[in-house]
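Q: Following this message is one structure expressed as structure tokens.
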Amino acid sequence: MDTCIFCPNPANSKEDMFPRWIHGRVKTREPLSRRIGDTRPEVTEDQEVRIPCVCGTCNNGWMSRLEMKCKPIIGSLLQDLSLALDAEHRKFLTEWALKTAMINDACGGRVRFFTDAECHAFKANNREIPEGTSAWAGRFTGRTLSAIGSEFRLDSPTAQGVVRGHVFTVCVGHFILQVLSLHAQPDITKVTLAASPVKWETLLIPLWPPLTPKTQKLTWPPQHNFALVENLKLGNLHYARLIDRWKVTDGYTINLAAPRPS
């Protein structure tokens with residue numbers, strides 16, 4: 000038996016990719032679409048996907064408590080209610096998205112992006128968000144269930160610094176969450192990414208890192224939406240553009256630590 004991704008216990012329990020309460024509220028006839036890494040999307044008619052990667056203690060303990068904290072927030076967003084997203088709301092949504100990204104990353108018998116140290120710290124240290132993590136929320140004009148994870152690699156001009164990236168985009172009804180995670184070599188001091196040239200600030204609400212001041216509130220929904228039919232006059236962007244927005248080949252910078260004097 001494999002080990003739980005969040006602790007040393009045996010993985011004797013299955014985690015729902017989408018909780019049953021979400022299935023009860025998001026009624027869609029579309030099949031569930033999931034993608035892990037650079038594999039082809041897996042489309043299943045059965046939307047209740049359960050992944051055997053956790054232990055019963057984690058599943059019925061802190062994971063259940065996290066679900067209960069996020070349920071009223073996500074439930075309101077699913078109903079398209081206007082909502083002020085304060086710092087606590089934004090952190091809860093980031094935790095839920097990151098937990099789901101880690102679960103999705105554990106599928107498929109491949110080398111995982113998220114390390115054991117990151118996953119264990121996420122559980123042990125009050126849902127510690129790994130360094131190099133950013134998260135956003137957006138609105139989808141359709142109604143679907145989708146979970147797509149992909150990875151990329153960036154090299155410095157001198158080929159001495161390497162950055163691995165992971166993007167997880169999950170759509171729950173009208174509600175979208177995207178998490179960007181970066182792993183950089185120790186000699187890298189700063190990474191600046193460049194997304195595709197779109198006015199993302201009108202389409203996405205930043206969730207993480209925390210805003211300054213922490214008490215600042217953001218209001219849901221965002222100004223513009225994602226859709227399956229793009230309409231730039233209305234500000235609507237195709238959903239695929241969000242999924243692929245970090246697939247850029249230039250415009251990023253990688254700063255290396257200064258070499259030590261010999």
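Every letter in the sequence shown is one number past the one before it in numbering that gives the first Met the number 0, and letter 27, counting from 1, is 26.
Don't be surprised by glycine CBs; every beta carbon is placed ideally from N, CA and C.
Every value quoted in this text rests on a predicted model; they were computed, and no experiment measured them.
1) Using alpha carbons as the reference points, say which of H88, G131, C52 lies closest to M67.
2) Whose CA, out of I253, M101, W20, lies closest to the CA of A183?
3) Should E117 be labelled buried (16 or more other beta-carbon atoms within 10 Å of its own) or exposed?
4) Within the same chain, show all residues whose beta-carbon is closer than 6 Å to that of C69, passing over the 5 residues directly before and after it, in chain order.
5) Assuming M16 and I128 are in contact, meaning their beta carbons sit under 8 Å apart, how far apart are those beta carbons, in whole angstroms?
6) Classify S180 as buried or exposed, calling it buried when 16 or more other Cβ atoms lie within 10 Å of its own Cβ.
7) Touch check for the stretch 144-154 and the stretch 54-67: three-plus C-beta pairs under 8 Å?
8) Excluding the 5 residues flanking W199 on each side, which residues of the same chain have their C-beta closer than 6 Å to its C-beta?
9) Check the C-beta distance from I193 over to Y251 and give it rounded, since I have them as a contact under 8 Å.
10) Is it buried or exposed, P260, if we count other Cβ atoms within 10 angstroms and call 16 or more buried?
11) How far does the alpha helix (DSSP H) with E87 in it extend, from its first residue to its last?
12) Would you mind stating whether P221 and A136 have Cβ atoms separated by less than 9 Å?
13) Buried or exposed for N58, please, with buried defined as at least 16 other CB atoms from any protein chain shown within 10 angstroms of its CB.
14) Quick check: the Cα distance between S133 and W207, rounded to an integer number of angstroms?
15) Check this for me: beta carbons of A123 and I4, under 9 Å apart or not?
16) Please report the straight-line C-alpha distance between V171 and L241, rounded to a whole angstrom.
17) Could you tell me which uninterrupted beta strand (DSSP E) segments, each at least 3 residues in length, are contained entirely in the stretch 181-215, listed from first to last along the chain?
18) Which value, in whole angstroms, describes the spacing of the CA atoms of V53 and R111?
19) Going by other Cβ atoms of all chains shown within 10 Å of its Cβ, with 16 needed for buried, is D164 buried or exposed?
20) Kindly indicate which three-state DSSP category G150 falls into: helix, strand or coil?
21) Hey, would you say R24 sits closer than 9 Å to G74, going by beta carbons?
22) Leaving out five residues on either side along the sequence, give the residues of the same chain with a beta carbon under 7 Å from the beta carbon of I50.
A: With the given structure in hand:
1) Per the C-alpha coordinates, the member of H88, G131, C52 positioned closest to M67 is H88.
2) Considering only alpha carbons, the answer is I253.
3) Classification for E117: buried.
4) For C69, same chain residues with a beta-carbon under 6 Å away, outside a window of 5 residues either side, are F91, W95 in chain order.
5) Between I128 and M16 the Cβ distance is about 21 Å, and since that is not below 8 Å, they are no contact.
6) The residue is buried, with at least 16 neighbouring Cβ atoms inside 10 Å.
7) Verdict: no, contact absent.
8) So no residue of the chain qualifies.
9) Residue identity check: residue 193 is Ala in the sequence provided, not Ile. So it is a contact: roughly 5 Å between Cβ atoms.
10) At P260, the pLDDT of 48 sits below 50, so the modelled position is not reliable and the matter cannot be decided from this model.
11) Counting along the chain, the alpha helix (DSSP H) containing E87 begins and ends at 86-104.
12) Yes, these two residues count as a Cβ contact at 9 Å.
13) N58 is buried by the Cβ-count criterion.
14) Answer to the nearest angstrom: the Cα atoms are 5 Å apart.
15) Contact annotation: A123 and I4 have beta-carbon atoms that are not nearer than 9 Å.
16) Counting only the Cα atoms, L241 lies some 15 Å from V171.
17) Runs of the beta strand (DSSP E) spanning 3 or more residues and lying entirely within the stretch 181-215 occur at 187-191, 203-207, in chain order.
18) Looking at the backbone, the Cα of V53 and that of R111 are separated by about 14 Å.
19) According to the sequence provided, residue 164 is Gly. The question's Asp does not apply to it. Here G164 is buried. Its C-beta has 16 or more other C-beta atoms within 10 Å.
20) Note on identity: in this sequence residue 150 is Glu, with Gly being the wrong assignment. Residue state, collapsed to three classes: strand.
21) In this structure, G74 lies closer than 9 Å to R24 by Cβ.
22) Only K13, E14, M16, I102, A105, C106 meet the Cβ criterion.
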